[in-house]
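Participant:
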Amino acid sequence: MHARRSLRCAPRNFFGLSPGGCGVTHANALDHVAVVVADLEASQQVYAMLGFGVAYRERVEEQGVDIVGLRAGDTVIELLKPLNAESGISTFLGDRRSKLHHIAYRVDDLEAELKRLKSAGVPLIDEKPRRGAHGNRIAFIHPSFSGGTLIELCQPPERSGSPR
0 MHARRSLRCA PRNFFGLSPG GCGVTHANAL DHVAVVVADL EASQQVYAML
50 GFGVAYRERV EEQGVDIVGL RAGDTVIELL KPLNAESGIS TFLGDRRSKL
100 HHIAYRVDDL EAELKRLKSA GVPLIDEKPR RGAHGNRIAF IHPSFSGGTL
150 IELCQPPERS GSPR
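For the sequence shown, numbering that gives the first Met the number 0 gives the first residue as 0, with consecutive numbering after it.
#1: By the 10 Å Cβ neighbour count, where 16 or more other Cβ atoms means buried, how is ALA47 classified, buried or exposed?
#2: Between the C-alpha atoms of LYS147 and VAL106, what's the straight-line distance to the nearest angstrom?
#3: Kindly indicate the opening and closing residues of the beta strand (DSSP E) around VAL67.
#4: Applying the 10 Å Cβ sphere with the 16-neighbour rule, what's the burial state of HIS25?
#5: Alpha helix (DSSP H) containing VAL236: first to last residue?
#6: Name the two residues that bound the continuous alpha helix (DSSP H) containing LEU99.
#7: Can you give me the C-alpha to C-alpha distance between VAL64 and ILE140, rounded to a whole angstrom?
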């Protein structure tokens with residue numbers, strides 16, 4: 000029986016985990032959906048037509064990106080524009096005008112989640128948190144785990160008045 004339990008918890012692929020099993024992250028909310036774009040202004044206009052307003056703007060040099068956060072109700076879309084052709088997201092975008100980049104889920108304790116996921120065998124891009132936009136601590140799960148979708152886990156800074 001013990002061996003069966005460990006098999007249930009071992010991530011084999013996207014569909015190989017049981018809901019509530021030890022490989023499922025303890026996300027408490029959808030934080031944002033990120034889209035890489037070639038033109039921030041044109042993309043903002045598209046989302047403005049859908050009722051999204053600008054919530055924040057930020058440049059994150061470490062990630063090689065300009066970010067515009069758009070909000071409609073509780074939904075946040077982050078538009079990511081590469082700062083230069085050497086940026087990793089510039090390569091990701093290629094010759095397209097926009098492309099879904101990642102879905103971010105909010106967690107309370109990012110380091111604990113990363114340790115738990117790593118011990119469960121979940122493939123991580125980041126084993127330690129790094130700095131994201133507006134002081135968030137972030138880490139990415141490898142897309143092979145989720146069937147091709149890049150997942151970001153983010154822990155907002157512990158302060159009031161966050162841009163979200």
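Glycine included, each C-beta is placed from N, C-alpha and C at the ideal position.
Note that the structure is a prediction, hence the values are computed from the model and not measured.
Facilitator: Considering the structure as presented:
#1: exposed
#2: It is Gly, not Lys, that sits at residue 147 in the sequence shown. Rounded to whole angstroms, GLY147 to VAL106 spans 21 Å at the Cα level.
#3: Start and end: 64 to 71.
#4: exposed
#5: The first residue shown for the chain is 0 and the last is 163, placing residue 236 beyond what the model contains.
#6: Where LEU99 is concerned, there is no enclosing alpha helix (DSSP H), although the beta strand (DSSP E) it sits in stretches over 97 to 105.
#7: 20 Å
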